[in-house]
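*Asks:*
In our numbering, the protein residues as written are 34 to 192.
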């Protein structure tokens, strides 16, 4: 075997090793665990961790979300709690949860009477069409909850 043929054989052999190794690496990625989506049970567990056994009441929360979000990467959210924000009566915190994201807890906003108003706006990422839940903790220990479904479309074609 001459030197040119030997170099060509080594080159082919090395190429096959690289291609074969790359194929094995890609196949191995399929075996990795995928991110599981949360569900109503995960939201309930997250809420229990946040508010314990207190039972949320309806009312006092205004949750402003689009009914349809064409881009799940930037869904606008505004939450406002009806509270006088005095030393005796104020909203301490608002927790935002989503029931089909990989992790149900999206955000927590904390307030004091010095804030003057208990409201927050942000953008969040939603994995797919799902319920968004806001839970407000008040200074007297009471808890309020509001829920809204957001339909996430993909390129405007449904999701």
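Just so it is clear, CB atoms sit at the ideal spot from N, CA and C, and this is done for glycine as well. Keep in mind it's a predicted model, so treat the numbers as computed, not measured.
Taking residue 157 and residue 108 to be in contact with their CB atoms under 8 angstroms, please state how far apart those CB atoms are, rounded to whole angstroms.
*Replies:* 5 angstroms
*Asks:* According to the neighbour-count rule (16 or more other Cβ atoms, all chains shown, within 10 Å of its Cβ), is residue 137 buried or exposed?
*Replies:* buried
*Asks:* Among residues of its own chain, excluding the 5 on either side of residue 73, which ones have a beta-carbon nearer than 7 angstroms to its beta-carbon?
*Replies:* 132
*Asks:* Between residue 118 and residue 149, is the Cβ-Cβ spacing less than 7 angstroms?
*Replies:* yes
*Asks:* Return the bridge partner residues of residue 101 from the DSSP annotation.
*Replies:* 184
*Asks:* Report, in whole angstroms, the separation of the C-beta atoms of residue 166 and residue 178, which I expect to be a contact under 8 angstroms.
*Replies:* 6 angstroms
*Asks:* Give every residue of the same chain whose Cβ lies closer than 7 angstroms to the Cβ of residue 142, excluding the five residues on either side of it in the sequence, and list them in chain order.
*Replies:* 126, 127, 153
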